[in-house]
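Report on the following structure.
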Amino acid sequence: MRLTTHSDYALRILLQAAIEPDRLLSIAQVAQEQEISRNHAMKVVNQLANAGLLETTRGRNGGFRLGQPANEISIGEVVRLTEPSLSSADCANCILAPSCGLTPTLGEAVDAFLQVLDNRSLADVARSTRLPFHRTRA
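Following numbering that gives the first Met the number 0, the numbering of the sequence shown begins with 0 at its first residue and continues without gaps.
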């Protein structure tokens, strides 16, 4: 299963927020540090905030941080939120669909994939993640 760039960015942004819980992160800074377009980072942060996974503050000194404790956010939840489709194949448009034995097997594989992600929290993943950039504290 391959995740979209949108899901990748969402997970990376959440990881940074989990690793730096005491810091109000700015979209511009995260976009620069993670080499994500500012526009794309803004869309991702907006989606995560609308889902309650991030909390945002507007204004000159605004930014974002986790909206929930990292141990309460499952990686599976994030993937379900950000992936447009979790189908591993386009079975709906296949001539074999009515009698194909592969369809249930592929569905089972997607379920197993999501089960693993559901069993990992953002906190679990953040514990073994190191940010590649260094920042000086003001």
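Each residue gets a CB set at the ideal place from its N, CA and C atoms; glycine is no exception.
A111 versus L105 - alpha carbon distance
The straight-line gap from Cα to Cα measures roughly 10 Å.
With C-beta atoms as the reference, is V78 less than 8 Å away from L116?
In this structure, L116 lies closer than 8 Å to V78 by Cβ.
Coarse secondary structure for S120, derived from DSSP in three states:
Of the three classes helix, strand and coil, the one that applies to S120 here is strand, per DSSP.
What is the DSSP secondary structure of L53, counted as helix, strand or coil?
For L53, the secondary structure class from DSSP, reduced to helix, strand or coil, is strand.
Tell me whether G62 is buried or exposed, calling it buried when 16 or more other Cβ atoms sit within 10 Å of its Cβ.
By the 16-neighbour rule on beta-carbons within 10 angstroms, G62 is buried.
Using the rule of at least 16 other Cβ atoms within 10 Å of the residue's Cβ for burial, across every protein chain shown, is S36 buried or exposed?
Exposed, since its Cβ has fewer than 16 Cβ neighbours within 10 Å.
Can you check which of these residues, T3, L113 and Q31, is closest to E76 by C-alpha distance?
The option with the nearest alpha carbon to E76 is L113.
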